[in-house]
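Right, one structure below, let's go through it.
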Amino acid sequence: MRWIPSAVIALAVVALLLHGPIPQTPGYHHFADDRTLFGVPNGANVLSNLAFLAVASWGLARTSRYRLFLVGVGLTCVGSAYYHLAPDNARLVFDRLPIALACAGLLDGVYGDTHASRPRWLLPALGAFAVASVLWWSWTEARGAGDLRPYLLLQGAPLVLIPIWQAIRRSPRDERIAFGVAIALYVLAKLAEVADRAIFDALGAVSGHTLKHLLAAAGAGVIVAALIRARASTARP
Numbered sequence: 159m160r161w162i163p164s165a166v167i168a169l170a171v172v173a174l175l176l177h178g179p180i181p182q183t184p185g186y187h188h189f190a191d192d193r194t195l196f197g198v199p200n201g202a203n204v205l206s207n208l209a210f211l212a213v214a215s216w217g218l219a220r221t222s223r224y225r226l227f228l229v230g231v232g233l234t235c236v237g238s239a240y241y242h243l244a245p246d247n248a249r250l251v252f253d254r255l256p257i258a259l260a261c262a263g264l265l266d267g268v269y270g271d272t273h274a275s276r277p278r279w280l281l282p283a284l285g286a287f288a289v290a291s292v293l294w295w296s297w298t299e300a301r302g303a304g305d306l307r308p309y310l311l312l313q314g315a316p317l318v319l320i321p322i323w324q325a326i327r328r329s330p331r332d333e334r335i336a337f338g339v340a341i342a343l344y345v346l347a348k349l350a351e352v353a354d355r356a357i358f359d360a361l362g363a364v365s366g367h368t369l370k371h372l373l374a375a376a377g378a379g380v381i382v383a384a385l386i387r388a389r390a391s392t393a394r395p
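Written out as structure tokens, the structure is:
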């Protein structure tokens, strides 16, 4: 059973190599909701990022675990808001970097929870890969052949590896349910992102991309709540 996570990642890497470069979708920066709110351009997509700051602040105040994940979530508020004020490729780097770091921090945190020991090099290596994945996209995009494969691998890895690690370790049921809910919310967030225009046309008041921010922040909030519960359970006599 312990070989399964390594095999899954190896298969994913091979599949991405065989697939070839994955470019950014055309018109990526054209979002459905470009209304100005409270004097803020693209207000809904900018201001909805405050949900990430709220979740990160809550987590950093209540637990010392998963620090890189929580810092990444908090910086997502800043980076994503900066990007959505005037969307372009240069600003998108500052949006994607915190997300990549949050994914790296989440992988490191759950690995530490589900393994007897965690190598000291794991967190720096994941953090370096996170930064490199975004810089690789930016460098290739500037040369007309953008490649999102490393970044997408880092985003997808927690969705697959965390349930496998928890199943192998037989993590507590409540913990597995919490992370399952968080993963489901993140998947819904990505679906809302894809359906940005369709959701805005159907609802009028909110777009798919704004919902993406709120759903992704809710998923992070579920993880923070699980960490706080675990801490309280450990502290209880």
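Be aware that the sequence shown starts at 159, since it is given in our numbering, and climbs by one per residue.
Where is the CB? At the ideal position from N, CA and C, for every residue including glycine.
It should be emphasised that the depicted structure is a prediction, and the values quoted were computed from it without experimental measurement.
Discussion item. Using only the alpha-carbon positions, how far apart do residue 324 and residue 258 sit?
Written reply: Looking at the two C-alpha atoms, the distance is approximately 22 Å.
Worksheet entry | 8 Å contact criterion, which residue 308 and residue 290 should meet: CB distance rounded | Indeed, because the Cβ distance is near 7 Å, the residues count as touching under 8 Å.
Discussion item. What does the alpha-carbon distance come out to for the pair residue 288 and residue 193?
Written reply: Going from the Cα of residue 288 to the Cα of residue 193 covers about 32 Å.
Discussion item. In this structure, how does DSSP classify residue 306 when only helix, strand and coil are distinguished?
Written reply: Coil, per DSSP.
Discussion item. Based on DSSP bridge pairs, tell me the residues matched to residue 198.
Written reply: Partner residues in the beta bridge of residue 198, as assigned by DSSP, are 195.
Worksheet item: Of all the alpha helix (DSSP H) runs that stay within the bounds of the region 259-328, which reach a length of 4 or more residues?
Response: Fully enclosed alpha helix (DSSP H) runs of 4 or longer: 280-300, 307-327.
Worksheet item: So is residue 188 buried or exposed if we call it buried at 16+ other beta carbons inside 10 Å?
Response: By the 10 Å Cβ count, residue 188 comes out exposed.
Item to complete: Could you tell me the boundaries of the alpha helix (DSSP H) in which residue 234 lies?
Response: In this chain, the alpha helix (DSSP H) harbouring residue 234 covers 225-243.
Worksheet item: Which value, in whole angstroms, describes the spacing of the CA atoms of residue 270 and residue 389?
Response: Spanning the two alpha carbons is a distance of roughly 15 Å.
Worksheet item: Which same chain residues, not among the five before or five after residue 221, have their C-beta less than 7 Å away from its C-beta?
Response: For residue 221, where only same-chain residues beyond five positions count, the Cβ hits under 7 Å are 385, 386, 389.
Discussion item. Between which residues of its own chain and residue 211 is the CB-CB distance below 7 Å, once the five residues before and five after are set aside?
Written reply: If we look at residue 211 and ignore the five residues flanking it on each side, its Cβ neighbours are 232, 235.
Item to complete: Give me the Cα-Cα distance between residue 315 and residue 265, rounded to the nearest whole angstrom.
Response: Approximately 8 Å between the Cα atoms of the pair.
Worksheet item: Going by alpha carbons, who is nearest to residue 336 out of 252, 383, 240?
Response: Sorting 252, 383, 240 by C-alpha distance to the C-alpha of residue 336 places 383 at the top.
Worksheet item: By how many angstroms is the C-alpha of residue 278 removed from the C-alpha of residue 229?
Response: Looking at the two C-alpha atoms, the distance is approximately 19 Å.
Item to complete: Give every residue of the same chain whose Cβ lies closer than 6 Å to the Cβ of residue 214, excluding the five residues on either side of it in the sequence, and list them in chain order.
Response: A distance below 6 Å between beta-carbons, with the five flanking residues on each side excluded, links residue 214 to the following residues of its chain, in chain order: 228, 231, 232.
Worksheet item: Looking at the structure shown, is residue 253 part of a helix, part of a strand, or coil, going by DSSP?
Response: If DSSP states are grouped into helix, strand and coil, residue 253 belongs with the helices.
Discussion item. Below 8 Å on the Cβ atoms is my contact criterion, and I expect residue 367 with residue 207 to pass it. Report the Cβ-Cβ distance as a whole number of Å.
Written reply: The Cβ separation is near 11 Å, so there is no contact.
Worksheet item: Taking DSSP as the reference, what is the three-state secondary structure of residue 188?
Response: Coil at residue 188, not helix or strand.
Worksheet entry | Separation of residue 328 from residue 245, as counted between CA atoms | Residue 245 and residue 328 have their C-alpha atoms spaced approximately 43 Å apart.
Worksheet entry | Per-residue DSSP class, three states only, for residue 163 | In the structure shown, residue 163 sits in a helix (DSSP, three-state: H, G or I).
Discussion item. Between 243, 355, 334, 374, which has its C-alpha nearest residue 346's C-alpha?
Written reply: The shortest C-alpha separation from residue 346 is found at 374.
Discussion item. Comparing C-alpha positions only, which one of 174, 303, 294, 242 sits nearest to residue 198?
Written reply: It is 242.
Practice prompt. Starting from residue 354, trace the alpha helix (DSSP H) both ways and give me its first and last residue.
Written response: For residue 354, the enclosing alpha helix (DSSP H) stretches over residues 354-361.
Fill in: N- and C-terminal bounds of the alpha helix (DSSP H) containing residue 178
According to the DSSP assignment, residue 178 belongs to no alpha helix (DSSP H), since it is labelled neither H nor E.
Discussion item. Taking its Cβ as the centre, do 16 or more other Cβ atoms sit within 10 Å of residue 297, making it buried, or is it exposed?
Written reply: Residue 297 is exposed by the Cβ-count criterion.
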